[in-house]
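Here's the structure we're looking at; comments come further down.
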Amino acid sequence: MVENLPVPLDRHVWQQAIALRDAGWRVSVICPKGKGARAGREILEGIDVYRHPLPLEGSGLTGYALEYSAALACEFWLLIRIFLKQGFDVIHACNPPDLIFLAAAPFKLLGVRFIFDHHDLAPELYESRFGNRPLHKILLWLEALSFRMADHVISSNESFREIALKRGGKRPECVSVVHTIPDTSRLKRVAPDRSARAGRGVVVGYLGVIGFQDGLDHLVDAAVSLRDDYGQEDFQVVVVGDGPALASTRDQVSKLGLEAHFTFTGYLSGEALWAHLSDFDIGVIPDPRTPFNDRISMNKVFEYSALGIPIASYPLTETVRLLGDAAVYAAEGSPRALATAIGSLIADPDYRGAMARQALAVAEARFNWDRERAALLAAYDGLMPPPADPADL
């Protein structure tokens, strides 16, 4: 059960569903409808997918409360529908929001196990945007309730695991780390689509959600610094993705006179996505250091490195933990420092190639979905015996 993105667009949730299916579980997924995923019910690769509408899109405290309330009502109704139709043994719920446990709570009384898949740090995200206001304490309380109700917690990385143990009070044996590593068999370089580079020599690429915490404003300011402070002109910033901060990012680009240096592709998938990523000369992780960004594992880390794209980033704790020396880090947290890191890769093709090879080597040695799949299945095996092999039924 996930409320943030539909499947199969939510790559990590879909990988988990496929891994469980392959291990013999009958899997149903509840998620919202979204672009390219409008069917209310369909079977994809042997997995039952139930999608609900999001009639309200939150903005501000009241808007988010209404959006999440509507989503919870839809999720609860779909849980009832699936339970009456075929029953289930486990509810695997992915935050955000940390309210999602409410839809699952009544089924705990019927003996259903609850796995809290901790994708995001809602208290830290709120603190990063708004400071330590009263709602921060409410978010900590909701997170604590999610931990308390969980029979098992899946943490996205070691920082999340520490929070589950210390803030959530979970026993170590009740917490598993499953990184959001892509299945590299599905990642591939293809013939690059060079249409977005606008004839420039170097593509500085960004892949991901365009949220207010994701640092696109830093990337725009870094591009200004590349042009004005370092005299770089032969680069094109290609932004692949969509999100709530897209409009403000476009406005910032326009106000700073950077339209000629930016291409926004919107959301891409399939061959179009691989073709644009294959044209990236540099992959940027512009997320600034905040209590939230410092603890999360950026999907961009795994995707850039798996494709052998050299990486420029701020020195965030989890990013450094994952990549080590296989990235170029800004010396401090300013867009100009990020521009210096990017500029070092633009200016020296040999250095760029060496960092690309180093990133790929780290990906091949450390970022292995098979290991993460094993950790996921071990968490389920700890809750109950593995299901019977369908071939034996």
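In the working numbering, the protein residues as written are 100 to 492. Beta carbons are placed, not taken as given, at the ideal position from N, Cα and C, and that holds for glycine.
Query raised in the report: Bridge partners of residue 450, per DSSP?
Result: According to DSSP, residue 450 bridges with nothing at all.
Query raised in the report: Can you tell me the Cα-Cα spacing of residue 358 and residue 215, whole angstroms?
Result: 43 Å
Query raised in the report: For the beta strand (DSSP E) that residue 431 lies in, which residues bound it at each end?
Result: First-last for residue 431: undefined, no H or E at that position.
Query raised in the report: Taking the alpha carbon of residue 338 as the point to measure from, which residue in 174, 302, 283 and 328 has its own alpha carbon closest?
Result: 302
Query - Nonlocal neighbours in the same chain, by C-beta distance under 7 Å from residue 482, ignoring five residues either side - result: 189, 212, 250 and 251
Query raised in the report: Any idea if residue 194 is buried or exposed, counting beta-carbon neighbours within 10 angstroms, 16 or more meaning buried?
Result: buried
Requested in this report: Please list the segments of the alpha helix (DSSP H) lying wholly inside the segment 291-336, counting only runs of 4 or more residues, in order along the chain.
Outcome: 315-327
Query - As assigned by DSSP and simplified to three states, the class of residue 283 - result: helix
**Report entry** Touching by the beta-carbon criterion (3+ pairs, under 8 Å), the segment 225-238 and the segment 394-402
**Finding:** no
Query raised in the report: Taking residue 123 as the reference, which of 205, 470 and 146 has the closest Cα?
Result: 146
Report task. Kindly list the residues whose CB is nearer than 6 Å to the CB of residue 114, restricted to its own chain and excluding five residues on each side of it in sequence; keep chain order. Result -> 282
Requested in this report: Confirm, please, whether the CB-CB distance from residue 220 to residue 409 is below 9 Å.
Outcome: no
**Report entry** Pair within 9 Å by beta-carbon distance, residue 202 and residue 175
**Finding:** yes
Requested in this report: For residue 271, name the three-state secondary structure that DSSP assigns.
Outcome: helix
Report task. Could I get the ranges of all uninterrupted beta strand (DSSP E) runs contained in the segment 339-390, with 3 residues as the minimum, in chain order? Result -> 361-365 and 381-384
Query raised in the report: What is the residue span of the alpha helix (DSSP H) that residue 199 lies within?
Result: Premise fails: residue 199 is in no alpha helix (DSSP H) and is neither H nor E.
Report task. Taking all protein chains shown into account, decide if residue 463 is buried (16 or more other Cβ within 10 angstroms of its Cβ) or exposed. Result -> exposed
Query raised in the report: Between the beta-carbon of residue 289 and the beta-carbon of residue 374, is there less than 9 Å?
Result: yes
Query raised in the report: Does the count of Cβ pairs from the segment 262-281 and the segment 297-317 closer than 8 Å reach three?
Result: no
Report task. Would you list the one or two residues that DSSP bridges to residue 235? Result -> For residue 235, which the question treats as bridged, DSSP gives no partner whatsoever.
Query - Segment limits, alpha helix (DSSP H) that includes residue 120 - result: 110-121
Requested in this report: Determine the direct distance from the alpha carbon of residue 210 to that of residue 345, and round the result to whole angstroms.
Outcome: 44 Å
Requested in this report: List the whole-angstrom C-beta distance separating residue 119 from residue 126, where the pair is believed to meet the contact cut-off of C-beta under 8 Å.
Outcome: 5 Å
Report task. Enumerate in chain order the residues of its own chain whose CB-to-CB distance from residue 476 is below 6 Å, with the five nearest sequence positions on each side excluded. Result -> 122
Query raised in the report: Which residues share a DSSP beta bridge with residue 133?
Result: 136
Requested in this report: Specify the secondary structure class of residue 411 as computed by DSSP and reduced to three states.
Outcome: strand
Requested in this report: Provide the residue span of the beta strand (DSSP E) that contains residue 262, from first to last.
Outcome: Not the beta strand (DSSP E): residue 262 falls in the alpha helix (DSSP H), residues 257-265.
**Report entry** Spatially closest choice to residue 414 from 436, 246 and 447, by CA coordinates
**Finding:** 436
Requested in this report: Could you tell me the distance, in whole angstroms, from the CA atom of residue 82 to the CA atom of residue 170?
Outcome: Past the edges of the chain, shown from 100 to 492, lies residue 82, and the structure says nothing about it.
Query raised in the report: If you follow the beta strand (DSSP E) that residue 150 is part of, which residue opens it and which one closes it?
Result: 146-151
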